[in-house]
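These notes are about the structure you will find just below.
Chains as they are written, first to last, in my numbering: chain G, 1 to 461; chain S, 462 to 915.
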């Protein structure tokens, strides 16, 4: 493969005068299956092979993707990419420049305890069916259960014109469990995800019994929940909600491409944006976590990036292009979903650092508010408006957790809300998820429990 | 890589089916897909990149003893690689469990004619042509208002082709084109930043209007400045195209899927013939819509696409089916088996979900509102409860309407409710129908929506 990629880089640089060129070849093998109730819908396996070529010519990007390793197809694609870049550069006002990074040569192997390729498909079917069984048998009000399973293994081959050559194995194991419950006219919905880059051993901790019960219990408990009151309230957010909040509400604004696009963080570097108990990281180096990897798709090593330190914005997430603009170093956040897509700035494992409060201490001073434990979706806007849907929440009444509420969501302005975080817990959890930004990236989000003095709660009907 | 000809695509699919039967499948089906997309992208006020993506592959479903196996491959260089894929699909089927409800692949049925889904002119566009269209859009945006910044956008042209064959003799080939231009903008003024505003135009034929997209994306962002908070109260709300698409996609479009109905996941279960919406609401799923973004001759299983009535004057008339869910009820598929290229087995999705429009102009609709909101887009619709239809979202961008006129932009307002209540409270429909993803709809005016301000 090295020779194949070498040829691409050589043609781009020598023949077309590319300032920068990179080639990524991938060999991927996926196994997927879906179980609905106790029925296996379809067992699916597939091969996806292809090459992505990205070049910078005259300060503009050209990109080509083909599902082939054939030399003549790749040669065509290289010339296409270079010509596309030249065409794109026709109206360019500010040519793109890139920060250089150290050229690495490496071979990255994965060392799972249980390699999904060595687990017979029958075992994967058994695991997913057992999850479904645990969900459905939890309570007769549970009406349906869907379990999706995916494992992806393969190798990425990366080369760029700065002299990097990296062969990196990829391994992901993921499962999503959705349950619905019904009683009279009340419908509830609950979702859980499992995800790991370690191996199939993730199911030894997140066993079918554990995840099945977690999904089913929530769906059933929500049946007796009431809609929350709409308005502004003090809230305690659980690690799962804190995670999606730091990811959606803050993290996206700190992706340097979006910062440059006019996010509210644009002029905030070095300034205080949050209360001093808030420290936030985006870390690609946590072993086995769903958002971890050794090198990003520009060949830059992943690192632990400090974004907010004691309330002050100290860093952003960069690729080679934004790093040059900010006169910073690339942070290893350039990720491409596969060979069909270009690397863009994505989060990895994003979390708020724990401090010193217990959950009881966070709750005890609240006369009336909400405890939001688990989220269902979230989204942010460049102006800092965020929304996080809640799939599991409770009232807090006189310092104690009270009755469940359903279909709540929270919203506000990210920076205003970060200033209102007045206490941070000492516990810590990291949850796997998938993030969409035109492409899908596997990530983790998390943190401890936190208290926010005031946030807008959207009530049910 | 030259595009596959009709005969080539069909013969690949037929070869896979024959090979599967020979190797022991009870039934087999193959779906070939090819997509060729050229794009020019705008980033932060300028055209910065161009790309060309060719994707092609074959997905094979085999049935062994009523168990389904599926495998796909994107290297279609030789017969050996297809045979290998067939063997994997067989292995998957053998490892899987029998499904007693499996009643076979669809039988042959004549396809209907579709109109305005392919345009040779789109295939012939060069990257230079796309750069030109993107420049027109960008310049139109910049000229409209100096406070507006074009954040990202672009122009993309695609050629898409699909072929299918199954062991019941179904054979089909269809090709189509799509061209799209889009622009996301924000406006900035004395420290205030607006939320992202977005406009786009997607068509099957080469008749997009990039200038309109540029002007409109700029106008929206500029008018989203000086946003103010609103009171918490129930009021009338006009849901514009994007807002309606986002809210319906995660609720109503889920609730009408036969799979959700059969599995007790739909609030519309058992409500056929009942009033589920205001009597001015009529919705069809029209897989044959002239120039529709989801119009094809056949669906992901080779069943002819068709027009299916979902709601007629407020009364629920039907659900959408694939072959499996239809046979389970002794019915015929409505041609709603959707495939994401060659990578997946079919699942039920709406085609062109057509919310039939009314007669009022958008201005007349606004004129009818004494106090309410005009909502262009919502944030967080994907966190809706798909089973119950309940949602809790942020309206952004949105404007306050007072005494029939736009008063000011609104900041941070949330909408909460249940989509099935919203459908019952539809007061009026505009005449400004548009295609947004699967939805084809006008603006709708709804009463009594809970707005949470501050």
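Just so you know, even glycine gets a beta-carbon here, dropped at the ideal spot from N, CA and C.
Treat the numbers as computed from the prediction; the structure is a model and nothing was measured.
- request: Just the chain G side, please: which residues come within less than 8 angstroms of residue 806/S by C-beta, in chain order?
  value: Here residue 806/S refers to the residue found at position 345 of the second chain. Near residue 806/S (Cβ distances below 8 angstroms), the residues of chain G are 41, 42, 44.
- prompt: Under a Cβ-count criterion, where at least 16 other Cβ atoms within 10 Å of its own Cβ denotes burial, should residue 72/G be classed as buried or exposed?
  reply: On the first chain, position 72 is the one that residue 72/G refers to. Label assigned to residue 72/G: exposed.
message: I need the DSSP call for residue 379/G, collapsed to helix, strand or coil.
response: For the purposes of this step, residue 379/G is identified with residue 379 of the first chain, where counting begins at 1. Strand.
- prompt: Tell me which same chain residues have a C-beta within less than 7 angstroms of the C-beta of residue 540/S, skipping the five on either side of it?
  reply: For the purposes of this step, residue 540/S is taken as the residue at position 79 of the second chain. Sequence-distant Cβ neighbours of residue 540/S in its own chain, meaning closer than 7 angstroms and more than five residues away, are 476.
Cutoff 8 angstroms: residue 482/G Cβ touching any chain S Cβ: Outside the displayed span of chain G (1 to 461) sits residue 482/G, for which this structure offers no information.
field: Three-way DSSP call (helix, strand, coil) for residue 174/G in this model
entry: In the first chain, the residue the question calls residue 174/G occupies position 174. Under the three-state reduction of DSSP, residue 174/G is assigned to strand.
- prompt: Which residues of chain G have a Cβ atom closer than 9 angstroms to the Cβ of residue 867/S, listed in chain order?
  reply: The count along the second chain starts at 1 and reaches residue 867/S at position 406. Those within 9 angstroms of residue 867/S in chain G number zero; the least Cβ separation is about 20 angstroms.
task: Quick one: list the residues of chain G neighbouring residue 557/S, beta-carbon separation under 7 angstroms, in chain order.
output: Residue mapping note: residue 557/S aligns to position 96 of the second chain, counting from 1. Within 7 angstroms Cβ-Cβ: 40, 43, 125.
query: So residue 635/S is in the beta strand (DSSP E); what residue range does that whole segment cover?
result: Here residue 635/S is taken as the residue at index 174 of the second chain, counted from 1. Residue range 632-650 is occupied by the beta strand (DSSP E) that includes residue 635/S.
- request: Mind listing the chain G neighbours of residue 854/S? Cutoff is C-beta to C-beta under 8 angstroms, in chain order.
  value: Sequence index remark: in the second chain, residue 854/S carries index 393 (1-based). Those are 387, 409, 458, listed as they occur along chain G.
- prompt: Since residue 334/G contacts residue 296/G with CB under 8 angstroms, what's their CB separation in whole angstroms?
  reply: Translated into positions along the first chain, residue 334/G becomes position 334. Translated into positions along the first chain, residue 296/G becomes position 296. That pair is a contact at about 5 angstroms.
query: For residue 827/S, does the count of other Cβ atoms within 10 angstroms reach 16, so buried, or fall short, so exposed?
result: In the second chain, the residue the question calls residue 827/S occupies position 366. Under this definition residue 827/S is a buried residue.
query: With DSSP run on the structure shown, which of helix, strand or coil describes residue 364/G?
result: Sequence index remark: in the first chain, residue 364/G carries index 364 (1-based). Three-state DSSP puts residue 364/G in a helix.
- prompt: With DSSP run on the structure shown, which of helix, strand or coil describes residue 223/G?
  reply: If you number the first chain from 1, residue 223/G lands on position 223. It is helical.
task: Give me the Cβ distance between residue 409/G and residue 838/S, rounded to the nearest whole Å; I'm assuming they're in contact under 8 angstroms.
output: The count along the first chain starts at 1 and reaches residue 409/G at position 409. The count along the second chain starts at 1 and reaches residue 838/S at position 377. The distance from the Cβ of residue 409/G to that of residue 838/S is about 16 angstroms, inconsistent with a contact at the 8 angstroms cut-off.
query: In this structure, what does DSSP give as the bridge partners for residue 133/G?
result: By 1-based counting over the first chain, the position of residue 133/G is 133. Residue pairing for residue 133/G: DSSP places it in no beta bridge.
- request: Using only alpha-carbon positions, find the residue among 206/G, 238/G, 164/G, 33/G that is nearest to residue 351/G.
  value: Residue mapping note: residue 351/G aligns to position 351 of the first chain, counting from 1. The shortest C-alpha separation from residue 351/G is found at 238/G.
field: Rounded C-alpha distance that separates residue 317/G from residue 444/G
entry: For this step, residue 317/G is matched to residue 317 along the first chain. For this step, residue 444/G is matched to residue 444 along the first chain. The C-alpha of residue 317/G lies about 16 angstroms from the C-alpha of residue 444/G.
message: Would you call the stretch 14-25 of chain G in contact with the stretch 784-793 of chain S, where contact means no fewer than 3 C-beta pairs closer than 8 angstroms?
response: As far as the Cβ criterion goes, the stretch 14-25 of chain G does not touch the stretch 784-793 of chain S, which means the pair count is below three.
task: Return the residue from the list 245/G, 299/G, 234/G that minimises the CA-CA distance to residue 452/G.
output: Locating residue 452/G in the first chain gives position 452, counting from the first residue. Of the residues 245/G, 299/G, 234/G, the one whose Cα lies closest to the Cα of residue 452/G is 234/G.
query: Which residues mark the beginning and the end of the alpha helix (DSSP H) in which residue 88/G is found?
result: In the first chain, counting from the first residue as 1, residue 88/G sits at position 88. Start and end: 71-88.
- request: Taking residue 605/S as the reference, give the member of 641/S, 573/S, 647/S with the closest Cα.
  value: Residue numbering aside, residue 605/S sits at position 144 when the second chain is read from its first letter. Residue 605/S has its Cα closest to that of 647/S, out of 641/S, 573/S, 647/S.
query: Can you tell me where the alpha helix (DSSP H) with residue 745/S in it begins and where it stops?
result: For the purposes of this step, residue 745/S is identified with residue 284 of the second chain, where counting begins at 1. Premise fails: residue 745/S lies in the beta strand (DSSP E), 744-747, not in any alpha helix (DSSP H).
query: Helix or strand or just coil, what does DSSP make of residue 757/S?
result: In the second chain, residue 757/S corresponds to position 296, counting from 1. Residue 757/S: coil per DSSP, three-state reduction.
task: Determine the DSSP secondary structure at residue 532/S, reduced to helix, strand or coil.
output: Translated into the one-based positions of the second chain, residue 532/S becomes position 71. Taken through DSSP and simplified to helix, strand or coil, residue 532/S comes out as strand.
field: CB contact below 8 angstroms: residue 462/G versus chain S
entry: A query on residue 462/G cannot be resolved here, the shown segment of chain G reaching from 1 to 461 and no further.
field: Opposing strand residues paired with residue 654/S [DSSP bridges]
entry: Here residue 654/S corresponds to residue number 193 of the second chain, with the count starting at 1. As computed with DSSP, residue 654/S is found in a beta bridge with 649/S.
- request: Would you list, in chain order, the members of the stretch 503-519 of chain S that have their beta-carbon closer than 9 angstroms to a beta-carbon of chain G?
  value: Of all residues in the stretch 503-519 of chain S, only 504, 505, 506, 507, 508, 509, 510, 511, 512, 513, 514, 515, 516, 517, 518 come within less than 9 angstroms of chain G when Cβ atoms are compared, listed by chain position.
query: If you draw a straight line from the C-alpha of residue 449/G to the C-alpha of residue 429/G, how long is it?
result: Residue mapping note: residue 449/G aligns to position 449 of the first chain, counting from 1. Residue mapping note: residue 429/G aligns to position 429 of the first chain, counting from 1. Between residue 449/G and residue 429/G, the C-alpha separation is close to 9 angstroms.
task: Using beta-carbon positions only, say whether residue 488/S and residue 597/S come within less than 8 angstroms of one another.
output: Indexing the second chain from 1 puts residue 488/S at position 27. Indexing the second chain from 1 puts residue 597/S at position 136. Their beta carbons are not under 8 angstroms apart, which means residue 488/S does not touch residue 597/S by this criterion.
message: residue 716/S and residue 850/S - do their beta-carbons sit closer together than 8 angstroms?
response: What you label residue 850/S is simply residue 389 of the second chain in a count that begins at 1. What you label residue 716/S is simply residue 255 of the second chain in a count that begins at 1. Result yes, Cβ atoms of residue 850/S and residue 716/S sit closer than 8 angstroms.
task: Per DSSP, which residues does residue 56/G bridge with? Please list them.
output: Here residue 56/G refers to the residue found at position 56 when the first chain is read from its first residue. For residue 56/G, which the question treats as bridged, DSSP gives the partners 20/G, 61/G.
Own chain partners of residue 27/G with C-beta closer than 7 angstroms, once the 5 adjacent residues on each side are dropped: Position 27 of the first chain holds residue 27/G. Counting only Cβ-Cβ distances below 7 angstroms, and skipping sequence neighbours, we find 49, 154, 155.
field: Distance, residue 587/S Cα to residue 733/S Cα
entry: As a first step, residue 733/S must be located in the second chain, where it is residue number 272. As a first step, residue 587/S must be located in the second chain, where it is residue number 126. Distance between the alpha carbons of residue 733/S and residue 587/S: 50 angstroms.
task: Pull up the distance between the alpha-carbon of residue 907/S and that of residue 857/S, whole angstroms please.
output: Counted from its first residue, the second chain places residue 907/S at position 446. Counted from its first residue, the second chain places residue 857/S at position 396. Their backbone Cα atoms lie some 17 angstroms apart in a straight line.
message: Against chain G, does residue 718/S count as a neighbour if the rule is that its beta carbon must be under 8 angstroms from one of theirs?
response: Walking along the second chain from the start, residue 718/S turns up at place 257. Closer than 8 angstroms to the CB of residue 718/S there is not a single CB belonging to chain G.
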